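In this note's numbering, the protein residues as written are 19 to 325.
Here a beta-carbon is modelled for each residue, glycine too, at the ideal position from N, C-alpha and C.
Small disclaimer: the values here were computed from a predicted structure and weren't measured.
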Amino acid sequence: MVSMMQNKIFSVSEEYMGVRIDKYLAEKDDDLTRSALQKLIAEARVTVNGKPANKNYKLCSGDSICVEVPEPVEYEAAAENIPLDIPYEDDDLLVVNKPRGMVVHPAAGNYSGTLVNALLYHCGSSLSGINGVMRPGIVHRIDKDTSGLLIVAKNDFSHRLLAEQIKEHSFTRKYQAIVCGIIKNEEGTINAPIGRHPTERKKMAVTMKNSKEAITHYKVLNRFKGYTHVELTLTTGRTHQIRVHMSYIGHPVAGDPVYGGKKYLVKLGGQCLHAYYISFVHPRTGETITLSSPLPEYFTDFIKTIE
19 MVSMMQNKIF SVSEEYMGVR IDKYLAEKDD DLTRSALQKL IAEARVTVNG
69 KPANKNYKLC SGDSICVEVP EPVEYEAAAE NIPLDIPYED DDLLVVNKPR
119 GMVVHPAAGN YSGTLVNALL YHCGSSLSGI NGVMRPGIVH RIDKDTSGLL
169 IVAKNDFSHR LLAEQIKEHS FTRKYQAIVC GIIKNEEGTI NAPIGRHPTE
219 RKKMAVTMKN SKEAITHYKV LNRFKGYTHV ELTLTTGRTH QIRVHMSYIG
269 HPVAGDPVYG GKKYLVKLGG QCLHAYYISF VHPRTGETIT LSSPLPEYFT
319 DFIKTIE
């Protein structure tokens with residue numbers, strides 16, 4: 019595939035005087051990491067006032083920056099015969115009970131063994147194409163080490179209507195998690211905007227800067243020594259939302275290697291978080307589809323160790 023160039027233009031305001039150019043651009047553009055920007059600078063793809071930028075350049079008020087970003091080359095994902103747990107399927111969509119440890123779609127470092135690879139084998143060409151060849155059928159996603167229910171569209175008609183339900187918050191998603199510490203309230207709502215972490219680009223954070231509204235509702239199901247079993251309902255669906263929000267209120271998801279909960283980290287091998295319930299309106303029939311998934315073995319085994 020021939021790659022196309024994309025030019026991104028930035029005008030530097032007075033508040034960024036003296037800031038290094040790579041740090042400034044990484045903050046202004048969520049799509050570019052500092053390492054990627056440094057590579058573009060080394061390739062003379064970043065100019066300041068029409069001249070190639072130096073990697074150590076510190077900004078002046080009024081600088082005009084142009085970043086020439088090559089479009090990523092998309093690779094065709096390959097079909098792979100990977101068993102799937104499918105609690106619901108028809109001609110328009112299917113619901114997968116994703117196991118913990120499975121990546122949803124191919125990306126750098128994970129071009130095989132993903133849910134998409136398995137779906138291509140199971141469905142053949144019967145997947146929506148809205149999200150491109152790397153994410154066919156994927157309407158929403160859950161993290162690699164989060165288990166549970168995920169809906170997949172088999173055609174563009176279903177994809178559009180399902181995505182609209184998610185956007186309008188009429189698509190119900192509930193999770194269960196074990197979080198660190200004892201939550202005193204029986205239930206509550208976390209309403210705190212989420213955006214890219216200001217210094218760690220692979221992380222998200224509660225922040226007022228370049229963020230989006232994020233709302234998570236929680237309800238206590240049980241309390242153990244040092245842990246709380248909670249049900250979590252999403253109003254919005256930001257990246258890492260539950261993990262960020264629970265860490266923000268001082269109760270990180272147990273076993274989460276990124277946002278806290280280091281106790282039992284090795285034993286758990288990832289966060290104790292399961293997408294156990296979804297409810298949505300079928301895009302073609304108008305029928306309400308409600309599905310639930312029992313807690314997986316890693317989750318119930320962990321409960322036994324803390325009871």
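Residue i classed as buried or exposed, judged by whether at least 16 other C-beta atoms fall within 10 angstroms
{"i": "M19", "result": "Annotation note: pLDDT 38 at M19 (below 50); position unreliable, coordinate value reported separately. Exposed is the call here."}
{"i": "F175", "result": "exposed"}
{"i": "S310", "result": "exposed"}
{"i": "S21", "result": "Note that S21 scores 45 on pLDDT, short of 50, meaning its location in the model is unreliable and no value can be drawn from it."}
{"i": "A95", "result": "buried"}
{"i": "I2", "result": "Since the first residue shown for the chain is 19 and the last is 325, residue 2 is missing from the structure and cannot be characterised."}
{"i": "R256", "result": "buried"}
{"i": "V113", "result": "buried"}
Sub-9 Å separation of residue i and residue j beta-carbons
{"i": "N115", "j": "L168", "result": "yes"}
{"i": "K172", "j": "D109", "result": "yes"}
{"i": "S31", "j": "S79", "result": "yes"}
{"i": "R118", "j": "G288", "result": "yes"}
{"i": "F317", "j": "Q194", "result": "yes"}
{"i": "H187", "j": "T254", "result": "yes"}
{"i": "K26", "j": "D47", "result": "yes"}
{"i": "K221", "j": "H269", "result": "no"}
{"i": "L133", "j": "I156", "result": "yes"}
{"i": "R302", "j": "Y277", "result": "no"}
{"i": "K243", "j": "I324", "result": "yes"}
{"i": "L137", "j": "L102", "result": "yes"}
Terminal residues of the beta strand (DSSP E) in which residue i lies
{"i": "L167", "result": "165-171"}
{"i": "T234", "result": "233-242"}
{"i": "K185", "result": "Careful: K185 lies outside any beta strand (DSSP E), inside the alpha helix (DSSP H) at 174-185."}
{"i": "N209", "result": "205-209"}
{"i": "Q194", "result": "190-198"}
{"i": "H292", "result": "291-299"}
{"i": "I307", "result": "306-310"}
{"i": "A223", "result": "222-224"}
The alpha helix (DSSP H) enclosing residue i, as first and last residue numbers
{"i": "Y134", "result": "Position check: residue 134 holds Val in this sequence, whereas Tyr was assumed. Here the alpha helix (DSSP H) through V134 covers 133-141."}
{"i": "V262", "result": "259-266"}
{"i": "K322", "result": "315-324"}
Reference residue i; option with closest CA among the options
{"i": "K227", "options": "H215, V151, K76, N149", "result": "H215"}
{"i": "T308", "options": "P314, Y294, F320, D319", "result": "Y294"}
{"i": "L55", "options": "G68, R38, N67", "result": "R38"}
{"i": "C198", "options": "P154, K185, I267, H158", "result": "I267"}
{"i": "K57", "options": "V87, S143, R159, T132", "result": "V87"}
{"i": "H292", "options": "N149, D161, S130", "result": "D161"}
{"i": "R219", "options": "R52, S146, E33", "result": "R52"}
{"i": "G68", "options": "E98, F28, E33", "result": "F28"}
Note down, one range per segment and in chain order, each beta strand (DSSP E) of at least 3 residues found wholly within the segment 31-94.
-> 64-66, 82-88
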